[in-house]
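*Asks:* Mapping the sequence shown onto our numbering, position 122 (from 1) lands on 284, and the numbers just tick up by one. Don't be surprised by glycine CBs; every beta carbon is placed ideally from N, CA and C. This is the structure, below, for whatever I ask next.
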Amino acid sequence: MSAHTPPPQSEHRFTFSRASSEHLEAIMQLEQAAYPLPWSRNSFSAIIQQQGNNSGQYEVQLLWQQTQPHAPKNLCGYFVALLGIEEVHLLNLAVHPQHQHKGCARLLLQHLCNHARQHQAQHLWLEVRQSNTRTCNIYSRFGFQTIAIRKNYYPTPTGEREHAIVMCMNLALAMTTKQPSL
163 MSAHTPPPQS EHRFTFSRAS SEHLEAIMQL EQAAYPLPWS RNSFSAIIQQ
213 QGNNSGQYEV QLLWQQTQPH APKNLCGYFV ALLGIEEVHL LNLAVHPQHQ
263 HKGCARLLLQ HLCNHARQHQ AQHLWLEVRQ SNTRTCNIYS RFGFQTIAIR
313 KNYYPTPTGE REHAIVMCMN LALAMTTKQP SL
């Protein structure tokens, strides 16, 4: 490959980092691009400040992409999780629309599973909007099982409420099963 040939997509470097207050603006831009009803800046700020506290540990991990060795990194996505006793609850996972359909959700979920296992979690829980069938399918293919429906859980832009699908992954079983590519 010559020095002037851009690397193929597979050579783009992805890295993870823990979120800090200096990342808040980039997180908010991504959140607003990804969701019609984004979380507030105050919510993200409070969660980022509480990371690592013993009273329910929050974890915010950022997925960055760097296409050239000295180029700036681009924020592709993130997850917000609450680490409990023997379980982790995924509170928010977002991939920037420009980076969707490129495997970023899979990378975030794999990183979340690894992080959960490091904290001796047995189960990984989440809720997803019932209307978000594409994301429900991603979670199902990744190994999550539908457990229940929470009625009228999410607000909608019209002021109505939408049901949430509650999903769970048994991390011990997931360790013995090969994760499919997404």
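(1) Is DSSP giving N204 helix, strand or coil here?
(2) For S183, does the three-state DSSP call read helix, strand or coil?
(3) Taking all protein chains shown into account, decide if E322 is buried (16 or more other Cβ within 10 angstroms of its Cβ) or exposed.
(4) Can you give me the C-alpha to C-alpha distance between I185 and T318, rounded to a whole angstrom?
(5) Mapping the DSSP letters down to three states, classify A243 as helix, strand or coil.
(6) Kindly indicate which residue of K313, G305, V250 has the alpha-carbon position closest to the one of R291.
(7) Quick one: measure Cβ to Cβ for L112 and S179, integer angstroms, because I've assumed they're closer than 8 Å.
(8) Taking buried to mean at least 16 other C-beta atoms within 10 Å of its own C-beta, is G214 buried or exposed?
*Replies:* Taking the coordinates as given:
(1) Note: N204 maps to helix in three-state DSSP.
(2) Helix.
(3) Result: exposed.
(4) Checking the displayed sequence, the identity of residue 185 turns out to be His instead of Ile. Each residue's Cα considered, the two are about 27 Å apart.
(5) Of the three classes helix, strand and coil, the one that applies to A243 here is strand, per DSSP.
(6) Minimum Cα distance to R291 is reached at K313.
(7) Residue 112 lies beyond the range of the chain shown here (163 to 344); nothing can be said about it.
(8) It is exposed - the Cβ of G214 has fewer than 16 other Cβ atoms within 10 Å.
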